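K.L.:
Residue numbers (our numbering): 1 to 264.
Yeah, the Cβ is synthetic: ideal placement off N, Cα and C, and Gly gets one too.
None of these values were measured; they are calculated from a predicted model.
The structure's right below; bear with me while I get my questions together.
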């Protein structure tokens, strides 16, 4: 059985003292249903993260991954909780291909930070979960978080075209790629989207991005699209009401015929 001191010393040796935090306020922030870890790991590279996960697996420790820890309340209470691992320090934009409208980013960057960087090129990742300033890219994928924009722009699984994931034994797998038309291999992106970190820890992701100022923005084009969407919704509602009236009239006519009051 590993003591807390032994666990902390193990990870300090792997990732360095700055990456292993035992401060009470940090432990409280990563507490899940009254269960607190003995330390929180903040690896600054994907390689350090992989080594930490491998060490936790070898020692039989229960590790829970997180970004900022804002979604830890979702799901059942853990049976064991030895170590928390945050991706918050993995926050690089690895590649931004403005012409191809794709971006590769590490999992610890928040959605707000990513869109602020993309705004310089007049682009954005069109997802609108609650509190984008706190939602990391890893949490975005793990919880499949989205808002009303999903109706026009798609959900996380529709925009995600590549992932790098660390599995429970510390091994690294990759799926998809950095180009939109990539059909090689299994669609691991949809597998890991919404998995809440139970299948692996996303360390890097590649997304399709859009021009800023689209649906839902305050631009004229966005307003016009919103108006067309509303008009289309009203027309669909009118057609549904007409269909319902016809069905009811046909039903009444059949009843009259069955009672002998209608035409043969």
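Since residue 35 contacts residue 65 with CB under 8 Å, what's their CB separation in whole angstroms?
P.N.:
Actually they are not in contact, since the Cβ atoms of residue 35 and residue 65 sit about 15 Å apart, beyond 8 Å.
K.L.:
How many angstroms separate the CA atom of residue 270 from the CA atom of residue 172?
P.N.:
Absent from the model: residue 270. The displayed extent of the chain is 1 to 264, so no value can be given.
K.L.:
The beta strand (DSSP E) that contains residue 102, what's its start and end?
P.N.:
Its beta strand (DSSP E) spans residues 102-106.
K.L.:
Please state whether DSSP places residue 64 in a helix, a strand or coil.
P.N.:
Three-state DSSP puts residue 64 in a strand.
K.L.:
Could you have a look at residue 133 and say whether DSSP puts it in helix, strand or coil?
P.N.:
DSSP places residue 133 in coil when its eight states are reduced to three.
K.L.:
Is there a Cβ of chain B sitting closer than 7 Å to that of residue 53, yes or no?
P.N.:
The structure shown has no chain B; it contains just one protein chain.
K.L.:
Where do the ends of the beta strand (DSSP E) carrying residue 207 lie?
P.N.:
Here the beta strand (DSSP E) through residue 207 covers 201-208.
K.L.:
How many angstroms separate the CA atom of residue 58 from the CA atom of residue 125?
P.N.:
Whole-angstrom Cα-Cα distance: 38 Å.
K.L.:
Can you tell me the Cα-Cα spacing of residue 238 and residue 246, whole angstroms?
P.N.:
So the alpha carbons of these two residues sit roughly 12 Å apart.
K.L.:
Can you name, in chain order, every residue of its own chain whose Cβ lies under 6 Å from the Cβ of residue 244, other than the five neighbours on each side?
P.N.:
Hits under 6 Å: none found.
K.L.:
Report the residue ranges of all alpha helix (DSSP H) runs contained in full by the stretch 106-194; include only those spanning at least 4 residues, in chain order.
P.N.:
Here the runs fully enclosed are 111-118, 137-143, 150-153, 156-159 and 188-192.
K.L.:
Excluding sequence positions up to five away, which residues of its chain have a Cβ less than 8 Å from the Cβ of residue 14?
P.N.:
48, 51, 52 and 55, listed in sequence order.
K.L.:
Which residues share a DSSP beta bridge with residue 85?
P.N.:
In the DSSP output, where bridge partners are listed per residue, residue 85 has 41 and 65.
K.L.:
Under 8 Å, with one C-beta from each stretch per pair, do the stretch 158-170 and the stretch 84-101 reach the 3-pair mark?
P.N.:
Verdict: no, contact absent.
K.L.:
Is residue 212 helix, strand or coil by DSSP?
P.N.:
The answer is coil: DSSP assigns residue 212 none of H, G, I, E or B.
K.L.:
Taking C-alpha atoms, which residue in 121, 208 and 204 lies nearest to residue 44?
P.N.:
Ranking the options by Cα distance to residue 44, first place goes to 204.
K.L.:
How big is the Cα-Cα spacing for residue 138 and residue 240?
P.N.:
The straight-line gap from Cα to Cα measures roughly 41 Å.
K.L.:
Taking the alpha-carbon positions, what's the residue 10 to residue 40 distance?
P.N.:
Distance between the alpha carbons of residue 10 and residue 40: 13 Å.
K.L.:
With burial defined as no fewer than 16 other Cβ atoms inside 10 Å of the residue's Cβ, what is the status of residue 185: buried or exposed?
P.N.:
Counting Cβ neighbours within 10 Å, residue 185 comes out exposed, since fewer than 16 surround it.
K.L.:
Three-state secondary structure (DSSP) at residue 54?
P.N.:
Residue 54: helix per DSSP, three-state reduction.
K.L.:
Round the Cβ separation of residue 129 and residue 114 to the nearest angstrom and send it over; I've been treating them as touching at under 8 Å.
P.N.:
About 12 Å; that fails the 8 Å criterion.
K.L.:
Hey, could you find the ends of the alpha helix (DSSP H) residue 36 is sitting in?
P.N.:
Looking at the DSSP string, residue 36 is not in any alpha helix (DSSP H), and its letter there is neither H nor E.
K.L.:
How would you label residue 164, buried or exposed, when you count the other beta carbons within 10 angstroms and need 16 or more for buried?
P.N.:
Burial call: buried.
K.L.:
Rounded C-beta distance between residue 157 and residue 110? I'm assuming under 8 Å.
P.N.:
Incorrect: roughly 20 Å between the Cβ atoms, too far for contact.
K.L.:
Could you compute how far the alpha carbon of residue 81 sits from the alpha carbon of residue 12?
P.N.:
Taking the straight line from one Cα to the other gives about 19 Å.
K.L.:
Closer than 6 Å by C-beta to residue 201: which residues in its own chain qualify, once you throw out the five before and the five after it? Chain order, please.
P.N.:
The residues are 65 and 166.
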